[in-house]
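Student: What follows is a single structure, and I will ask about it in a moment.
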Amino acid sequence: MEEEAAGGRRRRPLRWVLVSLLVIGAVVAGLVLWSRSHNAASAEGCEVTPAGGKPITMDLDQGENAATIAAVSISRGLPERALTIALATALQESKLRNLDGGDRDSVGLFQQRPSQGWGTAQQIQDPVYATNKFLDALVKVQGYARMSLTDAAQAVQHSAYPGAYAKHESHATALAEALTGRAPGAFSCTVHQFLQIDPALLTSPSSAATDAATPVSQSSLTGQQQLTDRLRAEFGRTVTLGPAPAGAADPKVAGTALALTPDPAANTDTGADAQRQSGWAVAQWAVANAEEVGIGTVRYDGKIWRVDSSASGWQTQANGSGTDKVLITMGMPNAKK
1 MEEEAAGGRR RRPLRWVLVS LLVIGAVVAG LVLWSRSHNA ASAEGCEVTP
51 AGGKPITMDL DQGENAATIA AVSISRGLPE RALTIALATA LQESKLRNLD
101 GGDRDSVGLF QQRPSQGWGT AQQIQDPVYA TNKFLDALVK VQGYARMSLT
151 DAAQAVQHSA YPGAYAKHES HATALAEALT GRAPGAFSCT VHQFLQIDPA
201 LLTSPSSAAT DAATPVSQSS LTGQQQLTDR LRAEFGRTVT LGPAPAGAAD
251 PKVAGTALAL TPDPAANTDT GADAQRQSGW AVAQWAVANA EEVGIGTVRY
301 DGKIWRVDSS ASGWQTQANG SGTDKVLITM GMPNAKK
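Taking the UniProt record's numbering, the leading residue of the sequence shown gets 1, the next gets one more, and so forth.
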């Protein structure tokens with residue numbers, strides 16, 4: 001009996017070692033699964049959340065291109081239906097990507113062909129140019145706003161597969177509602193880091209006053225210079241850029257605080273809420289362009305989007321903010337402050 005008891009005592013340490021290894025293995029496996037799900041949930045990209053619907057996700061470049069199409073449409077004073085048709089067309093033709101090739105000589109967001117008179121390949125690969133060319137053709141279609149989306153898009157594109165546009169209508173409608181500001185806070189992007197931008201160019205006061213009409217090489221446009229140029233190219237004179245009011249800077253961001261002021265008259269909705277809607281269109285455009293030009297925070301209408309917590313989308317702001325200006329701060333927030 002004593003020998004059996006001694007043998008049992010010898011086996012117990014081994015048993016506890018095995019149990020401990022199993023527990024440790026389970027914990028490690030759980031952490032790996034949590035890490036994977038956490039990283040997947042916070043992956044970079046943009047999201048539109050329709051009222052009562054499932055979120056629509058896209059990559060950052062797709063969100064940026066959608067915002068460009070919306071801004072150009074707004075600058076032209078076109079109805080939301082025109083934007084919906086344009087977005088559905090781009091979703092079908094390029095998945096909202098600025099393609100450098102396609103069927104035959106097609107290029108760009110709308111897969112327009114130089115051989116068919118849309119412009120040079122270089123011109124068509126400019127999203128602003130391509131959008132304007134599409135809208136130029138669309139507004140010439142009599143009664144386009146009352147047509148089915150398929151018929152309106154086909155009148156412009158002359159596609160071999162005209163029925164394909166309709167399948168994108170629900171997504172295009174949700175995007176249009178958000179990017180025109182009619183669905184406040186419905187569009188947001190998760191951004192982990194900016195593109196390569198010299199930090200000095202995020203804090204230079206002179207760069208905010210860059211004359212966008214002056215030719216500037218694309219490679220030299222970074223930070224505020226690029227923001228100024230892009231704002232003028234996409235919104236035209238319907239949005240003005242200037243310094244933010246005193247005290248509007250985000251204390252956690254070292255960059256310059258700026259104010260984007262939309263012109264409510266550019267909104268086709270002339271109701272009392274036109275100013276707020278115009279502001280949300282600009283605010284969500286700023287979020288879509290944050291990675292590209294280095295925007296750290298966007299504040300509007302009591303809400304704030306911060307790049308360092310961008311996976312959480314728009315959050316309620318403690319001190320609130322008005323609806324006459326969209327306040328942005330250039331640069332990455334400083335975690336030490």
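Cβ atoms here follow ideal geometry from the backbone N, Cα and C, with glycine treated the same way.
1. Rounded to whole angstroms, what's the CA-CA distance from residue 277 to residue 154? Just pull it up for me.
2. Between which residues of its own chain and residue 242 is the CB-CB distance below 6 Å, once the five residues before and five after are set aside?
3. Look at the alpha carbon of residue 186 and the alpha carbon of residue 315, and state the distance between them as a whole number of angstroms.
4. Whether or not the stretch 292-304 and the stretch 65-76 are in contact is what I'm after, with contact meaning three or more pairs of Cβ atoms, one per stretch, closer than 8 Å; do they touch?
5. What are the boundary residues of the beta strand (DSSP E) that includes residue 305?
6. Which same chain residues, not among the five before or five after residue 120, have their C-beta less than 7 Å away from its C-beta?
7. Please give the ranges of any alpha helix (DSSP H) in the stretch 217-295, keeping only runs that are unbroken, at least 4 residues long and fully inside the region.
8. One question on the structure: do residue 188 and residue 326 come within less than 8 Å of each other, judged by their Cβ atoms?
9. Name the residue from 306, 50 and 333 whose alpha carbon lies nearest to the alpha carbon of residue 176.
10. Sorted by chain position, which residues of the same chain lie with C-beta nearer than 6 Å to residue 96's C-beta, five sequence neighbours on each side aside?
11. As a quick exercise: from 52, 77, 45 and 55, pick the residue whose alpha carbon is nearest that of residue 262.
12. Could you say which of 48, 322 and 138 lies nearest to residue 180 if we only look at CA atoms?
13. Alpha carbon to alpha carbon, how far is residue 138 from residue 144? Give it in angstroms, no decimals.
14. Could you check what DSSP says for residue 78 in three-state terms: helix, strand or coil?
15. Span of the beta strand (DSSP E) holding residue 187?
16. DSSP beta-bridge partners for residue 329?
17. Who does residue 45 pair with in a DSSP beta bridge?
18. What is the rounded straight-line gap between the Cα of residue 284 and the Cα of residue 178?
19. Excluding five sequence neighbours on each side, which residues of the same chain lie with their C-beta closer than 8 Å to the C-beta of residue 112?
20. Output yes or no for whether 8 Å exceeds the beta carbon distance between residue 75 and residue 238.
21. Rank 281, 297 and 93 by C-alpha distance to the C-alpha of residue 167 and give the top, closest one.
22. Could you tell me the distance, in whole angstroms, from the CA atom of residue 257 to the CA atom of residue 104?
23. Quick one: what does DSSP say residue 111 is sitting in, helix, strand or coil?
24. If you draw a straight line from the C-alpha of residue 164 to the C-alpha of residue 170, how long is it?
25. With burial defined as no fewer than 16 other Cβ atoms inside 10 Å of the residue's Cβ, what is the status of residue 246: buried or exposed?
26. Within a Cβ cutoff of 6 Å, which residues of the same chain sit near residue 57, ignoring the five residues on either side of it in sequence?
27. Once the 5 residues before and after residue 244 are set aside, which same chain residues still bring their CB inside 6 Å of it?
28. Among the residues of its own chain, which have a CB less than 7 Å from the CB of residue 236, if the five just before and after it don't count?
29. My assumption, with CB atoms under 8 Å, is that residue 254 sits in contact with residue 331. Please give the rounded CB distance.
30. Going by Cα to Cα distance, which pick from 309, 281 and 190 is closest to residue 264?
31. Assuming residue 150 is part of the beta strand (DSSP E), what are its boundary residues?
32. Identify which residue in 231, 317 and 273 has its Cα closest to the Cα of residue 248.
Tutor: Taking the coordinates as given:
1. 30 Å
2. 259
3. 12 Å
4. no
5. 303-306
6. 114
7. 223-235, 274-288 and 290-293
8. no
9. 50
10. 62, 65, 66 and 90
11. 77
12. 48
13. 7 Å
14. coil
15. 187-190
16. 257 and 297
17. 190
18. 8 Å
19. 106, 118, 119, 124, 130, 133 and 134
20. yes
21. 93
22. 46 Å
23. coil
24. 13 Å
25. exposed
26. 45 and 47
27. 257, 258, 259 and 327
28. 75
29. 5 Å
30. 281
31. Here residue 150 belongs to no beta strand (DSSP E); instead the alpha helix (DSSP H) covers 149-157.
32. 317
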